[in-house]
Amino acid sequence: MGIHRSARARVSGAAALAVLAAATLLTGTPTASAAPAAETNCNHIDDAARPTVRPGDVSAAVRQVQCLVNHYSGYSRWLEEDGDYGPRTLEGVQWVQNCNATTGGPDGIVGPSTWSRLYTPKPECTLTAGTAETAETAETAETTETTETTETTQRSRG
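All the letters of the sequence shown, read from the start, carry residue numbers -34 to -1, 1 to 124 under mature numbering (1 follows the signal peptide of the UniProt record, and there is no 0).
Written out as structure tokens, the structure is:
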């Protein structure tokens, strides 16, 4: 019985996320954010001083990249804003580069083209990631609940 509540809770949570995503799409204004409010300015470096950032770098510029990916790019996974350019940051940067078709392709190096798209991503990039993840989460939760219900029914029959 607890399993069913858990699956229903996941479906309810996914439905709530879908409503929030739809409200954002319709109004253009986010109604809720999973991000800490203090970090939304992304002012870790001077905008005039945007160095080339690469995997393995540890700096305020990396923290700026992580903040921009989290708050403005549409990337669906949250990055730790610790200034350490590791595998998760690489994945986020490559997603931004791929979605925005930046010069040089998804190489993970944050140069002028990627910096530009971090600040001004294509609108379709900022809309697709969250809604795709929400739909996938809802579908997974629905499949899980259906499977658990079927298994319970089969056990009760005997």
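The beta carbon of each residue, even a glycine, is placed where N, CA and C say it ideally should be. Source: prediction; values computed, not measured.
By how many angstroms is the C-alpha of Gly71 removed from the C-alpha of Gly49?
Cα to Cα, the separation comes out at about 23 Å.
Beta-carbon spacing of Pro87, Ser39 below 9 Å
Cβ distance < 9 Å, so Pro87 and Ser39 count as in contact.
Indicate whether Ala27 and Val76 have their beta-carbon atoms separated by less than 9 Å.
A Cβ-Cβ contact shorter than 9 Å links Ala27 with Val76.
Can you check which of these residues, Trp44, Ala14, Leu34, is closest to Asn7 by C-alpha distance?
It is Leu34 whose Cα lies nearest to the Cα of Asn7.
Check each candidate in Leu93, Ser82, Pro21 and name the one with the smallest Cα separation from Thr68.
Ranking Leu93, Ser82, Pro21 by Cα distance to Thr68 puts Ser82 first.
Could you give the residue range of the alpha helix (DSSP H) that holds Asn64?
Its alpha helix (DSSP H) spans residues 53 to 66.
What does the Cβ neighbour count give for Tyr41, buried or exposed, with the cut at 16 atoms within 10 Å?
Taking a 10 Å sphere around the C-beta of Tyr41, we find 16 or more other C-beta atoms and assign the residue as buried.
Looking only at DSSP bridge pairs, what is Asp50 linked to?
In DSSP, Asp50 forms a bridge with Val24.
What's the call for Thr109, buried or exposed, on a 16-neighbour Cβ count within 10 Å?
Since pLDDT at Thr109 reaches only 46, below the 50 mark, its modelled position is unreliable, and the value read off the structure follows with that caveat. It counts as exposed.
Would the beta-carbon of Thr55 fall within 9 Å of that of Pro17?
The beta carbons of Thr55 and Pro17 sit no closer together than 9 Å.
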